[in-house]
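Numbering (full-length UniProt numbering), first residue to last: 1 to 183.
Let me begin by presenting the structure, written as structure tokens, before commenting on it.
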């Protein structure tokens, strides 16, 4: 075992590495750990400590950037795959949680290496997809109307299509050139 709270993984062919996001103990540990694993042996080759808990994972193999969704903190963190240094962080929903307000939480992430774009589902009653510039972690667009609890995310970069599944059993198609819902 590599650690408590193992969530998602991202594979980087350019680094020949498998990255595993772990939140560790929810009560005892303030941050989380990203483990770099050898994909052939699953031996731990690097430990990257993170001051907040990583859950979702994606990698841009062209830029050597790892992206981790910080569900509890409503943010995304970019990490240099070689050094383990944090390159930046973006808060995606800054609203304070209350009885009536439930901020959207990052769930799934997928990176388009060619356009250096990161797509992130914002999980909630009315889910969104955040479109983030992978270079400087700025929000390019927010795609609305993706349904209730958008949990699945897949990208067909060549066809310029992003696919989202949600708790209502819907498959939502988004045009990545216009960032508009098609169906």
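Using N, Cα and C, we set each Cβ at its ideal position, and we do this for glycine too.
Computed from a prediction, not measured in an experiment: that's the story for all the values here.
When rounded, the separation of the alpha-carbon atoms in residue 153 and residue 64 is 21 Å. Nearest Cα to residue 109 within the set 9, 3, 102, 2: 9. Distances from the CA of residue 163 to each of 174, 169, 46 were compared; the closest alpha carbon is that of 174. Looking only at 52, 57, 30, the smallest Cα-Cα distance to residue 18 is reached by 57. Here the alpha carbons of residue 177 and residue 7 stand approximately 30 Å from one another.
DSSP places residue 60 in the uninterrupted beta strand (DSSP E) bounded by 56-60. In the three-state reduction of the DSSP assignment, residue 138 falls in the coil class. Excluding five sequence positions before and after residue 45, the CB atoms of its chain that fall closer than 6 Å to its own CB belong to 36, 38, given in chain order.
Membership of residue 52 in any beta strand (DSSP E) is not indicated, and neither H nor E is assigned to it by DSSP. The C-beta of residue 13 has fewer than 16 other C-beta atoms within 10 Å across all chains shown, which makes the residue exposed. With respect to residue 155, residue 134 sits apart: the two C-beta atoms are not nearer than 8 Å. Here DSSP, grouped into helix, strand and coil, assigns residue 73 to helix.
Taking the Cβ atoms as the reference, residue 105 lies roughly 5 Å from residue 123, within the contact range of under 8 Å.
The shortest C-alpha to C-alpha distance from residue 51 to any of 125, 61, 21, 149 is the one to 21. Each residue's CA atom was taken as its position, placing residue 112 and residue 161 some 11 Å apart.
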